[in-house]
Amino acid sequence: MSTHAPHAPGTAQPVALPATLDEAVAALAAQPAAVPVAGGTDLMCGVNSGRLRPAALVGLARLKELRGWEYQDGHALLGACLTHARMGRPDFAVLMPGLAAAARTAGPPQVRNAGTLGGNIVTAAAAGDTLPVLAALEAVLMVTGARRGNREIPVSHLLAGRDRLRAGELLAYVRVPLLHAPQTFLKATGRTGPGRATASVAVVLDPARREVRCAVGAIASIPLRPLDAERWVASLVDWDGKRGLAPDVLTAFGEYVAMACIPDPDPGPERGQGTELPPAMLHLRRTVAALARRGLGRALS
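The number in my numbering is simply the position in the sequence shown, starting from 1, with 1175 added.
As structure tokens, then:
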């Protein structure tokens, strides 16, 4: 897990290796400009490219308390240092199938073995695989720091920039509701095998609230929630029966999601000007529609 911090010219770059969360918070309080780092997959890319020059590092690899999960009031409390590889295992997939599916697609094995859930969130790259799933699950981030203590941030607020981690704060846990219902994650890439998503879609069913939640990733700077499409299709689901939907309804849902996330451009000052999407955007819209249709179909099957 990493955040960006400026480099202080002419100063050393100390590394703290705390063994507990309290020690990590104390280390960040002593050096608020330090960068927390767990897997370092994003941080090292930035360092190697010359974009980042951390003033100091606080290593989180020894914090066993952040590498697992526990149950809490109908939720799962996920440690921020959970690796993608660990989330992809069958026991975790039973708990949260959508998040497990996303974790399995997060790059080659060496990246999945090192990269962490917290790093994916804090880096907030547009193509981050876990982000649309967390948005659809409406996850909440548990943040801690010496100055402000413990506080909670909805994941959507952090990704949209409505709330941010302050200097000296650390993302410790992610609280996710246990819905005990199907979840799917699908993504399209520009090549065969693991790769950066060109589009991704997460679909989550919430039978208790009779909701279908959908989030589209990689096509914008943050995951997009097509709320009208969610409400429309949820009203058609037989929540007390088989829950299946006809193929034409699934197709309509996919198109609804795609149009909401990639709308037609506004007309220009002259009639007909600027009313057509470029071919690449039309292809992306079709891709999103296909992913949403398949994702919902699998969730309801």
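Cβ atoms here follow ideal geometry from the backbone N, Cα and C, with glycine treated the same way.
- Out of 1273, 1286, 1330, the CA that lies nearest to the CA of residue 1296 is found in 1330.
- With a threshold of 16 other beta carbon atoms within 10 Å, residue 1389 meets it and is buried.
- DSSP places residue 1462 inside the alpha helix (DSSP H), whose first and last residues are 1454 to 1475.
- If you look at residue 1375, you'll find it in the beta strand (DSSP E) that goes 1372 to 1381.
- Judged by DSSP secondary structure, residue 1388 falls within the beta strand (DSSP E) whose first and last residues are 1386 to 1392.
- With fewer than 16 other Cβ atoms inside 10 Å of its own Cβ, residue 1322 counts as exposed.
- For residue 1322, the secondary structure class from DSSP, reduced to helix, strand or coil, is coil.
- In the structure shown, the three-state DSSP call for residue 1412 is coil.
- The alpha-carbon separation between residue 1451 and residue 1439 amounts to approximately 7 Å.
- Shortest Cα-Cα distance from residue 1305 to any of 1318, 1354, 1372, 1410 involves 1372.
- Under the three-state reduction of DSSP, residue 1191 is assigned to strand.
- In this structure, DSSP gives residue 1239 a helical state, which the three-state scheme calls helix.
- It is roughly 11 Å from the alpha-carbon of residue 1235 to the alpha-carbon of residue 1203.
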